[in-house]
Amino acid sequence: MDRLKRLLLIGAPLLMLFFDSCKKDPLNNLTNEESRIYITNYDTTANFSAYTTFSVTDSVTIVQDNQFAGRSYDAYDANIINAVTQTMTQRGYQLVNKSASPDLAVNISRVYSSSTVLFSYADYWDYYGSYYDPYYWGYPGYGYYDPYAVGAYTVNSGGLEIDLLDLRNASANGNKLVGIWTGLARGEQVFSSNNASGEVSLLFSQSAYLKK
Amino acid sequence: MQSIRKLTLALTLVAITATGAMAQHSLEFNFAYNVNFPASADFKDLVNKPAYKGFTAGFAWPVMEQLRIGLSFGYNDYYQKYPRQVYSNGPGSDISAVLSNSIQQMPLLATVDYTILKEGFVRPYVGAGIGINFISFDQYLGEFDNPVNFTKLAARGELGILIPLSNYSATALRIGGSYNYAPFKEYGFKNLNNWGVHAGISVPLH
Chain A
1 MDRLKRLLLI
11 GAPLLMLFFD
21 SCKKDPLNNL
31 TNEESRIYIT
41 NYDTTANFSA
51 YTTFSVTDSV
61 TIVQDNQFAG
71 RSYDAYDANI
81 INAVTQTMTQ
91 RGYQLVNKSA
101 SPDLAVNISR
111 VYSSSTVLFS
121 YADYWDYYGS
131 YYDPYYWGYP
141 GYGYYDPYAV
151 GAYTVNSGGL
161 EIDLLDLRNA
171 SANGNKLVGI
181 WTGLARGEQV
191 FSSNNASGEV
201 SLLFSQSAYL
211 KK
Chain B
1001 MQSIRKLTLA
1011 LTLVAITATG
1021 AMAQHSLEFN
1031 FAYNVNFPAS
1041 ADFKDLVNKP
1051 AYKGFTAGFA
1061 WPVMEQLRIG
1071 LSFGYNDYYQ
1081 KYPRQVYSNG
1091 PGSDISAVLS
1101 NSIQQMPLLA
1111 TVDYTILKEG
1121 FVRPYVGAGI
1131 GINFISFDQY
1141 LGEFDNPVNF
1151 TKLAARGELG
1161 ILIPLSNYSA
1171 TALRIGGSYN
1181 YAPFKEYGFK
1191 NLNNWGVHAG
1201 ISVPLH
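Going down the list, the protein sequences come from chains A and B.
Note that our numbering gives residue 67 to position 67 of the first sequence, counting from 1, and the numbers run on in steps of one.
Note that our numbering gives residue 1117 to position 117 of the second sequence, counting from 1, and the numbers run on in steps of one.
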């Protein structure tokens, strides 16, 4: 009877955990394209048709943990810059050189953030003598000292960020370059050069208001 | 929360009472494969496909010739993926994503069932249960999710037939259907009510 009671009271929650781990994993049923999300935010007070010209940054800025980490112009970066330029032009804006006082500035960044994950084999050193008898090394009767209990590794994840800044009203906005639209893409293979134009296309397609 | 504590207490009492009853009667073990279908409009908004990964397992103790009380544990895995769509994230904010809902219901119920006919090749039975529903709720936007676990109430009504394997065996096939009441009241969804069909076996443990 005691065993049965223990089975009922302890076994049931364990079974729940076990079967929870048996669930169909949604990640296994996603393609790389499906894994990506696209988030756009815009200033609801902005009149996007009031702007005429724009200029795009000549390279992509690398941001690592909110720190400037350099600029890049590889195949992916070139494709993103081209795709943004083409799409803005299709939306009725005119590309000009940055020295021609554009109404809009387009900054493109790769934003990375890292997080440290800790794991611990708490009992590993407690039984070390049973794995490796000190006798083997010529130190019978000695023990082991536990130098490390925790292991760590770093996960780095990144996303594409496109920002439209209002240059035309910089003075009127209190000498601030106000961001009036941002687009963010995250997910698997987000920085693959083959995906660049598709990412820009999706970000702009959900921003129908962004046109001359 | 208070009602869940009361239910936990009730389940424990049923377990203790029933294990006491075992000394006099034969304990039965039930296992059945389940297919469950979302029944309420709220649940169908999240998932409208059946849960093909499911089972119910439990113990039942005859307290009278046709009446059994017991404990039952169930598991149902609901999953559905929706094509990419743009979702509003508040004024001025939109998210384009493939949305996947992954919901697991794991009811732990105190049960009672009554066999309507004592004899015969087919013996209809009715049953009911009440207890706790452990719900794992995970909504994915693309590959990004936010898993949350809930503990809610659960109740079940059941109707089915027992088909003894022979005139001399207490082992029987157990086939039937159930309606599962599963209040939720989270994220604007009132309940995860569902109905299910099951096929399994009931085995006496000597």
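Using N, Cα and C, we set each Cβ at its ideal position, and we do this for glycine too.
Per DSSP, which residues does residue i bridge with? Please list them.
i, result
"B:TYR1179", "B:GLY1157, B:TRP1195"
"B:GLY1127", "B:ASP1113, B:GLU1158"
"B:PRO1164", "B:ALA1172"
"B:ASN1101", "B:GLN1139"
"B:TYR1207", "Residue 1207 of chain B lies beyond the residue range present for chain B, which begins at 1001 and ends at 1206; the question has no answer from this structure."
"B:PHE1150", "B:ILE1135"
"A:SER99", "Answer is none; A:SER99 lacks a bridge partner."
"B:GLU1028", "B:ALA1060, B:PRO1204"
"A:THR31", "Answer is none; A:THR31 lacks a bridge partner."
"A:ALA152", "A:LEU118"
"B:TYR1087", "B:ILE1095"
"A:PRO140", "Looking at the DSSP assignment, A:PRO140 forms no beta bridge with any residue, so it has no partner."
"A:VAL190", "Paired residues: none, contrary to the question."
Residues of chain B with a CB under 9 Å from the CB of residue i: which are they?
i, result
"A:GLN206", "VAL1086, ASP1094, ILE1095, SER1096"
"A:LEU30", "LYS1081, VAL1098, SER1100, TYR1140, GLY1142, GLU1143"
Which bits of chain B does residue i rub up against, with CB to CB less than 7 Å?
i, result
"A:TYR42", "GLY1092"
"A:LEU27", "GLU1143"
"A:ALA187", "Just to set this straight, residue 187 of chain A is Gly in the shown sequence, not Ala. GLY1142, GLU1143, listed in chain order."
"A:LEU202", "SER1096"
List the residues of chain A whose Cβ lies closer than 8 Å to the Cβ of residue i, in chain order.
i, result
"B:LEU1141", "ILE37"
"B:GLN1105", "Within 8 Å Cβ-Cβ: nothing; B:GLN1105 doesn't reach chain A, min ~10 Å."
What does the Cβ neighbour count give for residue i, buried or exposed, with the cut at 16 atoms within 10 Å?
i, result
"A:ASP166", "buried"
"B:GLN1104", "buried"
"A:VAL200", "buried"
"A:THR40", "buried"
"B:TYR1075", "buried"
"A:THR31", "exposed"
"B:PHE1121", "exposed"
"A:TRP137", "exposed"
"A:SER207", "buried"
"B:ILE1132", "buried"
"B:HIS1198", "buried"
"B:ILE1016", "With a pLDDT of 49 at B:ILE1016, under the threshold of 50, the predicted position of this residue should be treated as unreliable, though the coordinate-derived value follows. With fewer than 16 other Cβ atoms within 10 Å, it is exposed."
"A:TYR209", "exposed"
"A:ASN190", "The question names Asn, but residue 190 of chain A is Val in the sequence shown. So A:VAL190 counts as buried."
"A:ASN194", "exposed"
"B:ILE1116", "exposed"
"B:GLN1024", "Confidence at B:GLN1024 is low in this model, with a pLDDT of 47, below 50, so the placement of that residue is unreliable and no value is reported for it."
Grouping DSSP H, G and I as helix and E and B as strand, with all else coil, what is residue i?
i, result
"A:PHE48", "helix"
"B:ASP1094", "strand"
"A:PHE54", "strand"
"A:ALA105", "strand"
"A:GLY159", "strand"
"B:LYS1081", "strand"
"A:ASP133", "coil"
"A:THR87", "helix"
"A:PRO26", "helix"
"B:ASN1076", "strand"
"A:ALA196", "helix"
"A:LEU202", "helix"
"A:SER114", "strand"
"B:ALA1023", "Because B:ALA1023 sits at a pLDDT of 42, beneath the cut-off of 50, its placement in the model cannot be relied upon, and the following sentence gives the value as read from the coordinates. Coil."
"A:ALA75", "helix"
"B:GLU1186", "strand"
"B:PHE1043", "helix"
"B:ASP1145", "strand"
"A:ASP146", "coil"
"A:TYR209", "coil"
"B:ASN1048", "coil"
"A:ASP166", "strand"
"A:ASN41", "strand"
Residues of chain A with a CB under 7 Å from the CB of residue i: which are they?
i, result
"B:TYR1079", "LYS24, PRO26"
Using a C-beta to C-beta distance shorter than 8 Å, which residues of chain B count as neighbours of residue i?
i, result
"A:GLU213", "The structure shown does not extend to residue 213 of chain A, since chain A spans only 1 to 212, so no value can be given for it."
Within 7 Å: the Cβ of residue i and any heavy atom of the ligand ADP?
i, result
"A:GLU33", "In the structure shown, the ligand ADP is absent, as is every other ligand, since no ligand is present at all."
Residues of the region 156-175 of chain A whose Cβ lies closer than 7 Å to any Cβ of chain B, in chain order: Listed by position along the chain: nothing, the set is empty.
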